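Step one of this worksheet: look at the structure below.
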Amino acid sequence: MKKLSVNEINAVSGAGLQEMYEGAVIGATTFAFIGGKWGGLSILNFGIGQLIGVGLGLLVGGTGGALYGATHTSDQVEQFFNNIMDYTG
Numbered sequence: 038m039k040k041l042s043v044n045e046i047n048a049v050s051g052a053g054l055q056e057m058y059e060g061a062v063i064g065a066t067t068f069a070f071i072g073g074k075w076g077g078l079s080i081l082n083f084g085i086g087q088l089i090g091v092g093l094g095l096l097v098g099g100t101g102g103a104l105y106g107a108t109h110t111s112d113q114v115e116q117f118f119n120n121i122m123d124y125t126g
C-alpha cells in the first residue's frame, strides 16, 4: 500500500492550514459586516448593538470559517460566504 505525502493529501482533500486561515478571515469579515449592519438598526442604542454585532460576527464567522476551511478548498469557502452574504447581507 502506497503512503501518501502531505502534499498529496492536501491536494486530494482540499484541507490545509492555508484554507483554514482564509476561511477564518473571510468568515470573520463577512459576519462582522452582517452583524454590524443588523446590530446598528436602532438609533437608540448609540452603536452598542453595532459593536456587539461586529464582535460576535468576528468570533462566530472566524471560528466557523476556519472549521469550514478545514474540510473545503479556498474557492468553496469563498463561494459559501458569498452565498451567505447574498441572502442575509
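According to the numbering used here, the sequence shown is numbered sequentially starting from 38.
Backbone N, C-alpha and C fix where the C-beta goes; we use that ideal spot for every residue, glycine too.
Just so you know, these numbers come straight off a predicted model, no measurement behind them.
- Contact between the stretch 93-105 and the stretch 62-74 is present: 3 or more CB-CB pairs across the two stretches fall below 8 angstroms.
- Take the alpha-carbon of G72 and the one of F118: they are about 14 angstroms apart.
- In the structure shown, the three-state DSSP call for S111 is helix.
- Taking C-beta separations shorter than 7 angstroms and ignoring five residues to either side along the sequence, the partners of E115 in its chain run I63, following chain order.
- Around the beta carbon of M57, 16 or more other beta carbons lie within 10 angstroms, which makes this residue buried.
- Annotated as distal: G53 and A69, with beta-carbon spacing of 7 angstroms or more.
- Counting only residues of its own chain and dropping the five nearest sequence neighbours on each side, A103 has a CB closer than 8 angstroms to the CB of M57, Y58, G60, A61 and G64.
- DSSP places M57 inside the alpha helix (DSSP H), whose first and last residues are L54 to G76.
- Our two residues, T66 and V91, have alpha carbons roughly 9 angstroms apart in a direct line.
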